[in-house]
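Reading through the structure tokens given below for one structure.
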Amino acid sequence: MITRISLRFAVSAAFASLLMLALLFSSWIQFRNEETVLLNLSNKIMAAQAHDIHFRLTQFLSVPELVNKVIVSHIETQRLNPTDHLAELEPILINTYRKTFAAQPALSFIGFGNQHGAFIGLSRDGNTTQLLVKDQRTQDKLHVFPGISISQALRINALFDPRQRPWYQPVVESNQSRWSDLYSNPTNRRLINLSYSEPVYTSANDLIGVVVSDIRVDLFNQFLKDQATLGHGVIFIIDQAQRLVANSYDENIFSATTGLRKLASESTHPLIQAASAQLANETDRKVRFSFNGEAMFLKSMPLNHHHDLHWRIVIVTPETDLVGNLRQEQKITMGLILLIGAVIAVLGWIILSRITRPILLAAKAAEKLGHADWQALPMPKVQLRETALLTSTFNDMAAKLALSFEQMNRQIRFDSMTGLMNRNGLAVAVNEWGFSPAQHQLLLLIGLDGYRAINDSVGHTLGDALLKSIANRLRENIPADALLARTAGAEFTILIPAVKNHDEAIFTTLRYLAYFSEAFKAAESADEVVVTASIGLVYGQFKRAELNDWLRNASVALGKAKAKGFGSYALFEVSMIEQSIAKTRITNELKLAIERQEFRVYFQPVIDLQTGETIGAEALIRWQSPRGMISPGVFIPAAEDSGLILQIGNWVLRESCQQIANKLKAGWRSDFDVHVNVSVRQMIQSDFYEQLVQILQETGLPPHNLTLEITESCLVTQSEVVASLIKRVRQLGVSIAIDDFGTGYSSLAYLHQFDFDYLKIDQSFIARMLENIQDEAIVSAIISMASGFKVLLVGEGVETELQANRLRELGCQRVQGYFFGRPAPLESWPE
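In terms of UniProt numbering, the sequence shown opens at residue 1 and continues consecutively.
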């Protein structure tokens, strides 16, 4: 007997787990509070350190500013305006030197240059002091003297001009004091200097010259390195381009390869590199990041110094340097809490595992459902009432899903209309198909000719019934080990496992074509329907993985077969792929041609053989594409296959009617007859008659001036529909011509069912009739047939006078061809 317990009891057993969660949450709150305290403490320590460095750096940078102001003050107070020689400035510089150089070891140079190119200065390198003078006393050449007085020159530079120095011209142009960029000593690249320049003016605000003072920035590295709170961290100063200015690592900030100052990211110190990635555009930031598994704090502070120094002080300190062992103790405390919680969690897990076992089993079974495993859940002896209901409901659902998936799988693999496999089903069947790789296989792709037109004419219901009838006939005639599938709307695929040779492959193809020689009955109450088919075949050694390739190749071959005419076949050849690609390209270009209106209508004259007068014309479409004139024989098949023939055909009909109507209004003979070709696709459209009436009304062309030309294949394909339509069209006053007569098949069997006004002899017979007695006999027979039907006859393709004379002798009334005139735009015809 199955014993059930309540869910309330199960909840009480899970209390231990909830207690664990509460414990963890409390620990997390404590951890967050401690973390906040540590962060605040770290921020305060680093902020104090940053402000101290900021203060010291400000003092460091104020030295050259103060020195310059002292010198400028002396010049302005004493109203000095030295021009050619600077002897009167010499004691001012020496006095400033004695007062400041000893107290300010970072100060390395003071000097003055005027607008006439004179210069005087004092430089210091360690314990060595040098006087630099360029004025009349030195013949306007720079002399470098040892010490602080003029004596024997150490060296002379005749090219030196202070006005060309970078510290002079920018100050003169801006009329403001300026800091120069950092630069290294050419004799010792580790000595980094920074110049501060200030202009000097007379009381009339005329420029006297520029005072300059240099400091050694590299000495600030030692100050940063000596910071008591540095620990294992690093301090560096960067400019607004993140290029190094100074650093506690005492690294040379200039690159040995480029000569430029290094970016912080180019530093040899890995911590400076890592910190550079954390720096953003903000001027004051506190960032915490990880470096080599250790937490780091970063403090960034702007220098906020006046003039044009946009520097930032960056301090990077390991967390351990700031908080000591607090973090380790925090981890130990958290570890103890987690250990206690883990013990409670284990106990809770043991209890919950027994309670939730049925739910776990249901979850695993649900996962198996995704793999079509419909196995029912076992019923445990002890379980909750709710889980018992879950198990029972789940088993019912699994049974229903099994049935639904079986039905769905059949729908995916089989065609619901014919019961045959579809493309997916064929792919599955091929994997289990028994065939010998040593033998050759044959794939037949059977495509129904003009099925879309048939379906439009008989309706979708009878069209579907017709497909079933065709499928049944194929099913009854395939070998037992062959595969049959409906792989497209009007296409059937047969895969035959063993074909001995090429001849047998062709014989088999012809046998399946013969199955379509007998009419099909779509329904008991419906008339029989004649359906022809074309076949594309692929012959060779089949591999299971190549099914899609074979189907594609067969489709290409089928397209080639249909291009030959109804009831044809074609064996796949590699060259067909290129032709298929070209056909696809033509189809795409046709769509653009319709949009761009690239089509033109040419007219070929129709001549009365007795009088020699032009009594009509045949409208012929031409395509003026960007690639040149394209023959209708190239693009018409593509238009028919793609369905674009409807748009193109309607356009040709309307354009032809409009142009001829205009000519009739201009005075052309009232019985001028224009012949326009109409495809079977156009004629079987349910609204074709209405469109024809609308075109005649809108263009103003009288119906008796229009003749529609249809082919014999149109008569065979849809005899009842076409016969009814022809009758309505002729009642409207429009004439009907049977085009290319003699080239189709079964035409005599169907011809008596239709009313028509013209027969047009195909040009192939006329071209050969003077050399071939049989062709002349055919032409003569067609002329006699036209006379019997009491219709007019038009001979096509007349290219010589002999052909025209012979047709006249045989009784042909009308002709057209190159002998009488090539197709041309109507505007080029003589009036």
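Where is the CB? At the ideal position from N, CA and C, for every residue including glycine.
In chain order, what residues of the same chain lie with their CB nearer than 7 Å to the CB of residue i, ignoring the 5 residues before and after it?
i: residue 886; result: Since the first and last residues shown for the chain are 1 and 831, residue 886 lies out of range.
i: residue 225; result: 248 and 250
i: residue 70; result: 96
i: residue 89; result: 80, 82, 112 and 120
i: residue 528; result: 519, 520 and 521
i: residue 812; result: 609, 783, 793 and 795
i: residue 153; result: 143, 144 and 145
i: residue 561; result: 534, 535, 536, 568, 569 and 570
i: residue 104; result: 63
i: residue 67; result: 96, 100, 107, 110 and 213
i: residue 791; result: 756, 757, 758 and 759
Using alpha carbons as the reference points, say which of the options lies closest to residue i.
i: residue 659; options: 635, 701 and 691; result: 701
i: residue 317; options: 309, 310, 299 and 331; result: 299
i: residue 544; options: 40, 428 and 278; result: 428
i: residue 629; options: 767, 118, 210 and 598; result: 598
i: residue 463; options: 474, 450 and 511; result: 450
i: residue 767; options: 819, 736 and 756; result: 819
i: residue 155; options: 657, 132 and 655; result: 132
i: residue 485; options: 418, 533 and 515; result: 418
i: residue 530; options: 551, 576 and 466; result: 466
i: residue 489; options: 192, 201, 420 and 754; result: 420
i: residue 64; options: 175, 193, 32 and 41; result: 193
i: residue 158; options: 167, 136 and 166; result: 136
i: residue 423; options: 657, 549, 308 and 648; result: 549
i: residue 827; options: 775, 663 and 733; result: 663
i: residue 671; options: 734, 627, 623 and 624; result: 734
i: residue 182; options: 61, 105, 134 and 115; result: 61
i: residue 576; options: 589, 561 and 556; result: 556
i: residue 204; options: 76, 703, 552 and 261; result: 76
i: residue 261; options: 191, 48, 506 and 211; result: 191
i: residue 216; options: 184, 296, 210 and 208; result: 184
i: residue 86; options: 209, 177 and 253; result: 209
i: residue 740; options: 753, 760 and 727; result: 760
i: residue 151; options: 167, 773, 206 and 130; result: 130
i: residue 756; options: 771, 785 and 773; result: 785
i: residue 846; options: 705, 753, 697 and 36; result: Lying before the first or after the last residue shown, residue 846 is absent from the chain, which here runs from 1 to 831.
i: residue 455; options: 573, 727 and 686; result: 686
i: residue 329; options: 38, 823, 448 and 669; result: 38
Contact check, residue i vs residue j under 8 Å by CB: the rounded distance?
i: residue 815; j: residue 621; result: That pair is no contact at about 21 Å.
i: residue 738; j: residue 782; result: With a Cβ gap of about 10 Å, residue 738 and residue 782 do not count as contacting.
i: residue 657; j: residue 699; result: 4 Å
i: residue 654; j: residue 695; result: 5 Å
i: residue 617; j: residue 652; result: The pair is not a contact, with the Cβ atoms about 13 Å apart (cut-off 8 Å).
i: residue 563; j: residue 538; result: Their Cβ separation, rounded to whole angstroms, is 17 Å, which puts residue 563 and residue 538 out of contact at 8 Å.
For residue i, I'd like the list of residues in its chain whose CB is within less than 6 Å of its CB, leaving aside the five on either flank, ordered along the chain.
i: residue 890; result: Here the chain comprises residues numbered 1 to 831, so residue 890 is not present and cannot be evaluated.
i: residue 446; result: 492, 533 and 535
i: residue 50; result: 299, 301, 313 and 315
i: residue 276; result: 264 and 265
i: residue 235; result: 224, 248 and 315
Less than 8 Å between C-beta atoms, sequence neighbours within five positions excluded: which residues of the same chain meet that for residue i?
i: residue 310; result: 239, 240, 302 and 303
i: residue 294; result: 318, 319 and 320
i: residue 729; result: 689, 692, 708 and 736
i: residue 434; result: 481 and 497
i: residue 308; result: 178 and 179
i: residue 72; result: 198, 200 and 211
i: residue 117; result: 134, 140, 161, 162 and 163
Inset, instruction - At 4 residues or longer, and completely inside the stretch 136-189: list those alpha helix (DSSP H) runs for me, N to C. - result: 169-174
Inset, instruction - Inspect the CB distances between the stretch 431-450 and the stretch 498-508 and report whether three or more fall short of 8 Å. - result: yes
Legend entry - Unbroken stretches of the beta strand (DSSP E), 3 residues or longer, contained in the stretch 531-587: 533-540 and 569-571
Inset, instruction - Jot down the residue ranges of each uninterrupted beta strand (DSSP E) in the stretch 405-472, minimum 3 residues, whole runs only, in chain order. - result: 440-448
Inset, instruction - Report yes or no: do the stretch 116-126 and the stretch 93-104 share at least 3 C-beta pairs separated by less than 8 Å? - result: yes
Legend entry - the stretch 602-616 / the stretch 633-650 touching (three or more Cβ pairs under 8 Å): no
Inset, instruction - Mind the definition here: the stretch 769-787 touches the stretch 566-573 only if three or more C-beta pairs lie below 8 Å; say whether that holds. - result: no
Inset, instruction - At 4 residues or longer, and completely inside the stretch 795-824: list those alpha helix (DSSP H) runs for me, N to C. - result: 801-810
Inset, instruction - Give a yes or no on contact between the stretch 336-344 and the stretch 263-271, applying the rule of three or more CB pairs nearer than 8 Å. - result: no
Inset, instruction - Only counting runs of 4 or more residues, tell me where the alpha helix (DSSP H) segments fall wholly within the stretch 671-726, in order along the chain. - result: 680-683, 688-699 and 712-717
Inset, instruction - Write down every uninterrupted run of the alpha helix (DSSP H) in the stretch 607-681 whose length is 4 residues or greater and which is fully enclosed by it, in chain order. - result: 632-642 and 645-665
Inset, instruction - With a floor of 3 residues, list each beta strand (DSSP E) that falls wholly inside the stretch 751-800, ordered by position along the chain. - result: 758-761 and 792-795
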